[in-house]
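Everything on this sheet refers to the single structure shown next.
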Amino acid sequence: MTLAPVLSRYWDQPNSWTLDSYLRRDGYQALRKALATPPDAVIETVKDAGLRGRGGAGFPTGLKWSFIPQVSEDKPGDGKPHYLVVNADESEPGTCKDMPLMMATPHTLVEGVIIAAYAIRAAKAFIYVRGEVVPVLRRLQTAVAEAYAAGYLGRNVLGSGFDLDLVVHAGAGAYICGEETALLDSLEGRRGQPRLRPPFPAVAGLYACPTVVNNVESIASVPSIVLGGPEWFRSMGSEKSPGFTLYSLSGHVTTPGQYEAELGITLRELLEYAGGVRAGHTLKFWTPGGSS
């Protein structure tokens, strides 16, 4: 099962993290395309693509976005602001896929954030990062500053009339803040503790307002879906879980690391990507999803 890399395609390119480098690779073209269509059409595109959450639960991303109360002439809404929160608190021992993505191509995530915020009509978004990963934090902050300077963030994004502020927030390192409602408590300045549900974040999330919480990889996949279209995305993966994803392989393999492949790949194929089991060892046990 061979896949032409999408998310990791430019990780090894010189200065892949800069705005200039990203723009040379059709960067922010998906944003321009999205801004030329109604927000609800963007949600439908992500729904039709079948993108599922890449944080572990696998909930359909477009469906999650559609839970946010929509505002229109017929539906004035309750006046509460909408928020988008990106869960970049990658704390699972033995896994590391979001951190290299944010280090190598942070603008992929930033562009995805802007498109997602536009779709759910959010004027403020947050990227919640583990406080220990200072290099990632600084790289994201630099990318966000570049996006502001270029007019991709702030007031009247690219002349569209859409306003968005994006904040990169450093967490304090608590493992529990990987859980979305504990993360929201932490973002509000309180001790991170999982909340009772209902109400769900789509109804009462950050500051008791409608909120979407998505994983880094989920949001970073959005620009390619907007550009390539749902059919292109569904040409990969399986019927129920289409598309591509990043796999993090650790332990007694020859070449531990991150590998991008279609969903539905077998463990045998993944092991072949990593060069097989390390010499002197035999495969006795494996666990998906991290060591906890």
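Numbering (my numbering), first residue to last: 36 to 327.
By construction, the Cβ of each residue, glycine as well, lies at the ideal position given by its N, Cα and C atoms.
Note that the coordinates shown come from a computational prediction; the quantities given were computed from them, not determined experimentally.
Extent of the continuous alpha helix (DSSP H) to which ASP124 belongs:
Taken as a continuous stretch (DSSP letters only), ASP124 belongs to no alpha helix (DSSP H), as it is neither H nor E.
Can you tell me which of the three DSSP states PRO95 falls into?
strand
Terminal residues of the beta strand (DSSP E) in which PHE268 lies
That residue, PHE268, is in no beta strand (DSSP E); its alpha helix (DSSP H) goes 265-269.
Beta-ladder partner(s) of VAL41, from DSSP:
Answer is none; VAL41 lacks a bridge partner.
So the candidates are CYS131, PRO95, ILE211, ALA39; which of them puts its Cα closest to the Cα of PRO323?
CYS131
Span separating the alpha-carbon of THR38 from that of TYR57:
Per the sequence shown, residue 38 should be read as Leu rather than Thr. Distance between the alpha carbons of LEU38 and TYR57: 21 angstroms.
Looking only at C-alpha atoms, which of HIS204, ASP200, SER253 sits nearest to ALA84?
SER253
Can you name the residues that DSSP bridges to GLN293?
SER283
Hey, out of GLN293, GLY272, SER285, whose CA is closest to ARG87's CA?
GLY272
Is it buried or exposed for ARG89, if we count other Cβ within 10 angstroms and need 16 for buried?
buried
Alpha carbon to alpha carbon, how far is ASP200 from GLY315?
52 angstroms
Report yes if the CB atom of VAL164 is closer than 8 angstroms to the CB atom of HIS204, and no otherwise.
yes
Could you give the DSSP three-state label for ALA71: helix, strand or coil?
coil
From the DSSP output, in three-state form, read off TYR118 for me.
strand
Determine the DSSP secondary structure at HIS316, reduced to helix, strand or coil.
coil
Going by other Cβ atoms of all chains shown within 10 Å of its Cβ, with 16 needed for buried, is LEU319 buried or exposed?
The identity of residue 319 in the sequence shown is Lys, whereas the question assumes Leu. Counting Cβ neighbours within 10 Å, LYS319 comes out exposed, since fewer than 16 surround it.
Straight-line Cα distance separating GLY114 from PHE197:
17 angstroms
Can you tell me which residues form a DSSP beta bridge with ILE103?
Answer is none; ILE103 lacks a bridge partner.
From the DSSP output, in three-state form, read off PRO135 for me.
helix
Alpha carbons only, please: which of LEU262, MET138, SER126 is nearest the one belonging to TYR45?
MET138
Using only CA atoms, which one of GLY91, GLU295, PRO49, LEU70 lies nearest to GLU214?
GLY91
Just tell me which of ALA151, TYR153, THR143 has its CA closest to the CA of LEU175.
THR143
Are TYR187 and ALA157 touching if we call contact CB-CB under 8 angstroms?
no
Along the chain, where does the alpha helix (DSSP H) containing ILE254 start, and where does it finish?
251-255
Extent of the continuous alpha helix (DSSP H) run through LEU175:
169-184
Is the Cβ-Cβ distance between LEU218 and GLY227 less than 8 angstroms?
yes
Residue range of the alpha helix (DSSP H) that ASP238 falls in?
The question names Asp, but residue 238 in the sequence shown is Val. 236-239 is the span of the alpha helix (DSSP H), which, as asked, contains VAL238.
Would you mind sorting GLY224 into buried or exposed? The rule is 16 or more other CB atoms within 10 Å of its CB.
exposed
Spell out the partners DSSP gives ASP47 in its beta bridges.
In DSSP, ASP47 forms no bridge with anything.
If contact is defined by three or more beta carbon pairs under 8 angstroms, each pair taking one atom from either stretch, is the stretch 281-292 in contact with the stretch 302-317?
yes
Specify the secondary structure class of LEU199 as computed by DSSP and reduced to three states.
strand
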